[in-house]
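Student: So the sequence lines, in the order shown, correspond to chains A and B. The opening position of the first sequence corresponds to residue 9 in the numbering used here, with each subsequent residue numbered one higher. The opening position of the second sequence corresponds to residue 194 in the numbering used here, with each subsequent residue numbered one higher. By construction, the Cβ of each residue, glycine as well, lies at the ideal position given by its N, Cα and C atoms. Keep in mind that this is a model prediction, so the values were computed, not measured.
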Amino acid sequence: MGKHKRRRSYDSDDYRHQRKRTPKCETESDEEFSFLNHKRIFHKILLGYNISEQLVDDPADFWLFLTKYEALLKRSMQSVLSIKTEAPQTDSIIPSNYDKNYLMNFKLKPSKNQMTPTSFDNEGKSIDDKKVEIFLTIVRHYLDFKQKERFKKLKKLRKFQANLPIAPYEKEIVHAVKNESILILAGDTGCGKSTQVCQYLYNAGFDKVACTQPRRIACIGLAKRVSHEMLCEYESEVGYQIRFEKQKTKHTKILFITEGLLLRQLSDDENLTQYSVIIIDEIHERNLYGDFLLGICKCLLRARPEIKIVLMSATININLFSNFFDEEQAKIIEVPGRLFPIKLHYMPHLKNPELKLEAKSSRSERLNPEPYIQLMSMIDKKYPKEEKGDLLIFLSGLNEIQSVVDAAKEYNREKQNWIILPLHSSLSMQDQDKVFDYAPEGMRKCIVSTNISETSLTIDGIRFVIDSGKMKEMTYDPNYKMQRLKEMWISKASAEQRKGRAGRTGPGICYRLYSEKEFYELENYTKAEIHRVPLESLLLQMISMGLPNARLFPFIEPPSIENIENSILALKQLEALTIDEKLTSIGKALSKIPVEVFLGKMLLIGSIFRQLQPTLTLAAALNVQSPFTNRAFRDLECEKLRADCESTHGDPITLINLYREWLLVKKSFDSRDRDRENSRQWCRKRGLEEQRFYEITKLKNQLESLLRECQLIEEKTDEKLTAAERSIRAGEKKYLGSLKRAHKMEAPRERRLLKADDDEMDDEVNDGRIDIRDVEFRLSMGSKINDLVLNATATSGTDLIMLKLILMSGLYPKIAISDEFNYLKSMNEQFFHTKSKPYISMHPMSYFAKNFQELHVSGNEMADKVGIYKSKYPLSSKHQIICYLSILETTKPYLMNSMRMPAAQTLLLFAQEIDCNLTFSRIICDSWLCLDFPMPETGQTLVARSSNLRNRWNKLISMKLDNEMGCQVKTEEFDALERDLANFMNCEVVYTIKRLLPADLKNLYKGNRHEDCSNLLLNQNPFCEDFACIANDVKGGVYVTEHITYGCVDETDWSLNMAEEIYMTEFECPGCNMIFNMTNIQKLQHFHVCKPAKNEEEQKEFLQPTSSNQKLYKCSICKKEMYMTNIDILKHKKICKVIKEESI
Amino acid sequence: MEIGESSKSKATDEQNLQPAEKIPFLCRECKMSELVHYYGSKPPFVRNIEFLEDCYVMKDPFSAPPLKNGKRSYTEYFLVIGSKCKICEEDFCKDCSIFYSNTFCIRCAHSQVSQFPVEIQSKIRKEFLAIKNDR
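(1) Is residue 936/A helix, strand or coil when you go by DSSP?
(2) Could you list the residues in the region 257-268 of chain B with a C-beta less than 9 Å from some C-beta on chain A, going in chain order?
(3) Can you give the Cα-Cα distance for residue 288/B and residue 635/A, rounded to whole angstroms?
(4) Between the Cα of residue 218/B and the Cα atoms of 244/B, 325/B, 321/B, 275/B, which residue gives the shortest distance?
(5) Starting from residue 4/A, find everything on chain B with Cβ-Cβ shorter than 8 Å and list it in chain order.
(6) Could you give the DSSP three-state label for residue 694/A: helix, strand or coil?
(7) Using beta carbons (cut-off 9 Å, strictly below), is residue 370/A in contact with chain B?
(8) Closer than 8 Å is the cut-off here; do at least three beta carbon pairs connect the region 472-483 of chain A with the region 402-421 of chain A?
(9) Is residue 385/A buried or exposed, if buried means 16 or more other CB atoms sit within 10 Å of its CB?
(10) Can you tell me which residues form a DSSP beta bridge with residue 116/A?
(11) Cβ closer than 8 Å: which chain A residues qualify as neighbours of residue 248/B?
(12) Is the separation between the beta-carbon of residue 262/B and that of residue 59/A shorter than 9 Å?
(13) Note down the Cα distance separating residue 708/A from residue 687/A, rounded to an integer number of angstroms.
(14) Residues in its own chain within less than 7 Å of residue 530/A by CB, not counting five upstream and five downstream?
(15) Residue 245/B touches chain A at which residues, Cβ-Cβ below 7 Å?
(16) For residue 176/A, decide whether its Cβ has a neighbour in chain B, counting only Cβ atoms nearer than 9 Å.
(17) Where do the N-terminal and C-terminal ends of the alpha helix (DSSP H) with residue 623/A fall, by residue?
(18) Bridge partners of residue 481/A, per DSSP?
(19) What are the boundary residues of the beta strand (DSSP E) that residue 219/A is part of?
(20) Grab the span of the alpha helix (DSSP H) containing residue 301/B for me, first residue to last.
(21) Between the Cα of residue 273/A and those of 260/A, 290/A, 304/A, spot the shortest distance and give me the residue it belongs to.
(22) To which residues does DSSP link residue 255/B through a beta bridge?
(23) Measuring CB to CB, does residue 843/A end up less than 9 Å from residue 934/A?
(24) In chain order, what residues of the same chain lie with their CB nearer than 8 Å to the CB of residue 726/A, ignoring the 5 residues before and after it?
(25) For the region 294-302 of chain B against the region 161-177 of chain A, do three or more pairs of beta-carbon atoms, one drawn from each stretch, fall closer than 8 Å, so that the two count as touching?
(26) What residues from the region 270-294 of chain B come within 7 Å of chain A, judged by C-beta to C-beta, listed N to C?
(27) Is there contact between the region 995-1007 of chain A and the region 943-951 of chain A, where contact requires at least three CB pairs shorter than 8 Å?
(28) Cα separation between residue 335/B and residue 306/B?
(29) For residue 238/B, would you say it is in contact with chain A, using Cβ-to-Cβ distances shorter than 9 Å as the test?
(30) Can you tell which of 71/A, 219/A, 702/A has its C-alpha closest to the C-alpha of residue 149/A?
(31) Hey, quick one: how far does the beta strand (DSSP E) through residue 342/A stretch, first residue to last?
(32) Residue 299/A by DSSP, collapsed to three states: which one?
(33) Measure the beta-carbon distance from residue 850/A to residue 860/A and round it to whole angstroms, keeping in mind my assumption that it falls under 8 Å.
(34) I want to see whether chain A comes within less than 9 Å of residue 326/B, judged by CB atoms only; does it?
(35) If you run the structure through DSSP and keep just helix, strand and coil, what is residue 248/B?
(36) Can you list the alpha helix (DSSP H) stretches of 4 or more residues lying completely in the region 497-551 of chain A, in chain order?
What follows is the structure in structure tokens.
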């Protein structure tokens, strides 16, 4: 793969040169005759009149052959016209005379038209039949030559396969699979297990073979390689199936599939009956799904004893796997790898100067590149330039790579014999591909890489490896719900893997920048992924697959109970699980959406609340890798160009703005207009990786169809197109389809020769190759692109508020609050706190990192002092909280993907516990944020409004999910709710917000002080009619809704003052115009009762008594009988009279 | 996590046609074993060419099939794996046999080497030695 295009044995002569020398005179003698002088006419013969008459694949290649052929004859003083065209007939089976024509096993049978050309050549001379015959004989020689080349190619392929280290084990492997249920096959990289085992099994008669891979790219690559070896590259016996693509027909016998996808198939087909053999590759990587699959295998073997399982691993930690399958008596076969000898040098001393130099300022985070440069210079001195071999340096992370790359470039400035290439996952695809290209003669590549090239990427031609011994590993802290990217020592297994990279194509050398002692102190193996990630999605998937208790699942190394319990709790908070860990209807829907659960929840809510398209964009954008390349924030020009897409609301909104802008560029781009910027260039200028936008588009479509499958959104209505539009679209589709086919037949990107003075750029030369991603994009989008642009982002204010609320519904409780002193401090000293983790910084790539003032309450947003209320915290209606996607700890903890939200409103809508005092002037949300509302009744109104909105919100969700689309929820209800939500989010109420520490909480609650709360039990609950108030035994007070506890927070002097003021102030009900002295809660209750009267036109009739002071009243005017209080009666009389007068 | 059930297979009709039964080929000498598409002298998938004897032919596995409106020639779309030795009538691959008006396996050719024109005798001897050494 990726080989040189083989040099043909005959192409050494330059035929153009040759042709010039050939005299092109009128009197061309037979000795001097050359077909090249009559190329036009013979070319016609070569091509025939249509493709079925064409004699060769590549006419240019043929003419090269012919040139060489004529030159050869010329050298032996022969005329091309003297060659024999046909061997004489003979009776003996072995002709005794020598004739080259006897060596060819076929004859040409061109059509008659071709044999008798009617046209004349340039000079008006006709071509005689003899010359045509000679020409065809040369074609025959050419075809024979090509045939032999093809045969050689096949033989070489077979020889390569036979020489693989695994080849001698074929019989043993087949025998084991036939006779045992489970086989563990251990073999090192390069032994051929991934490509050969499935072929062995297929050849032995197994025809439903699935082979899992951890990475999508490996599925595609292996399917291609295996189909090549099985000579069915252009058929479908070998297929693959990955997240976005499926190459599989009913004839597919071997399927490469990602682990995640196989797991998904389990929920439809719990015993995977569609496969007879399941091969699980790379189990030593110990990634989440691989580990999960191992447990599943154990279960499968019990349910389907006839199934065959093959586990393939590197030769590390085999005992772990064999012990796990002890009961099943797994057969073990070990295949030695094929590595050339590697010399190992421990060089800890190289690190010492660093210590001396930076003894004091050891806080400096920059890695000292000196040892790496010293080794490069040593290689230069010790190994002659002519000896090929590249260098691979393993470093822990991006910054380290940057500093070594910088220093190496500096070093190379004089030497000019290195090509320095960084390699990490945030590079663009193009830049990543460069590491596979060749260095020019006399130069070496120096690839400076993360552990991406330890297993995921295999680069041939490496002779030197420098191992820093360090890596960055992402771990997950379930307590803080925080991801941590930490530099740490690698494991012994990794160190060996890194070393092995030097010996793949020849003997190599590995330098370890640590001591042998340090090596022996390393951990044996790298920590399995299951111990490093949140488990919500996995657990939800397990429960939906019918594995209700994750605590009992046979994990090869069970995750910590803490992580399991925390994840289950999070699922409950998302309302995906009930208290007793059963799947809810939200949970059921979520388990079908293959994104992280909180994004799934967002999608659910988004589709219910008619914000489908922007939510899809958002979910997709947050689920793929960030589109920002590492240049995006270093290059001022990039930043400037992106500025108009930035949203003051925060990063998620910026992301969908960028996507929308990209769509616009795509839409307006016209491939015929060369000056117009295409989307690739647009992205590059802004430091964006275009691939991510394609991924977003694809994922978006996938998610949409999944939601449709879950019946969360309606079936697509037919596109409303006119006949003309349809035919244009059909033509366009046909054209794009042909481009796509053409691309498929195009050779894959070939390895190129690297330029010595490579400095960046210049990849943008449009080399005429088809941008297949663009074609596919247009093929799948078509006229939909317009809708896409329109719907990609929220445009109006209400839509934006809805979108933010939808995102919030998935993210809560991932919220943070600014530190109270932030307003005094500079950009780099801004801190934020979450409930469990104080002092977090804003990620430097976030919008709020630079625009940190957006989160401050400015002077003119501050409200005046109210009454006797005193607080050191600012009183304002503009407090914001930050919701975030994740916390990532690198050098320090950072909030990632942040968005701002109005604080009080958001908390009241989403908090699980809302604890209030008697006047609702002090509200504590989720036991960590305390809101004080010093203006009388403002807190109360806000709580009342929020609880009303929450009720309606939940009602609509459950209607939509439970009624399975049967009954349509009225759009008016949505409209009204959206309008009310928008008003609520925008309403201005002044308050202070304060973060509480666990110690503060002790003094703030009434608690269980045996104080009589019975007076608080509202017999008429103004918050939720059908919710019966119950006492909260822990905090005191009473629950008035599921989330709100009333009267559990202790009063303060100002709140008592307020209560009195409320009661003393005469209150004129705007509904009934009566004047009362009421407490705040009485007022709420009154509003509730009075509510119908507020709207004077449509007065509701009180047909049944709802309170003891109502009495039956018969109106003399409207003749109706009603139960009313005295006040209501008076009011009614008044209105009735008016109506009567009007109607008269 | 992965999606996939919903993504529709875009297999063309061609891919969905039942592939014709393939014919096994086994070289007596080197044990090269392949499945071929055709045995005979006029493979239906090749045009403008006729073989001078019956041989084991497969469609060129290394290039895409020619298309009506494509650029690839139907003439080159083949790969001959081997044929029967005219003398012993066993199957041999192209490497283990020589074609000179007919196919002869190297062993048979060697046994009759003097019957061949001198121009190819040395080649027969050389290949025979190579086979012997392989054993």
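Tutor: Per the coordinate set shown:
(1) coil
(2) 257, 258, 259, 260, 261, 262, 263, 264, 265, 266, 267, 268
(3) 54 Å
(4) 275/B
(5) Here chain A has residues from 9 to 1152 only, and residue 4/A is not among them.
(6) coil
(7) Reliability of the predicted coordinates at residue 370/A is poor, the pLDDT of 40 falling under 50, and the value obtained from them is presented with this limitation in mind. Closer than 9 Å: no.
(8) yes
(9) exposed
(10) 242/B
(11) 113
(12) yes
(13) 19 Å
(14) 497, 498, 499, 500, 503
(15) 113, 114, 115
(16) no
(17) 620-631
(18) 494/A
(19) 217-221
(20) 299-304
(21) 304/A
(22) Looking at the DSSP assignment, residue 255/B forms no beta bridge with any residue, so it has no partner.
(23) yes
(24) No answer about residue 726/A holds up, because its pLDDT of 46 lies below 50 and its placement is not dependable.
(25) no
(26) 272, 273, 279, 287, 288, 292, 293, 294
(27) yes
(28) Because chain B here runs from 194 to 328, residue 335/B falls outside it and cannot be looked at.
(29) no
(30) 71/A
(31) 339-343
(32) helix
(33) 7 Å
(34) no
(35) strand
(36) 500-508, 524-529
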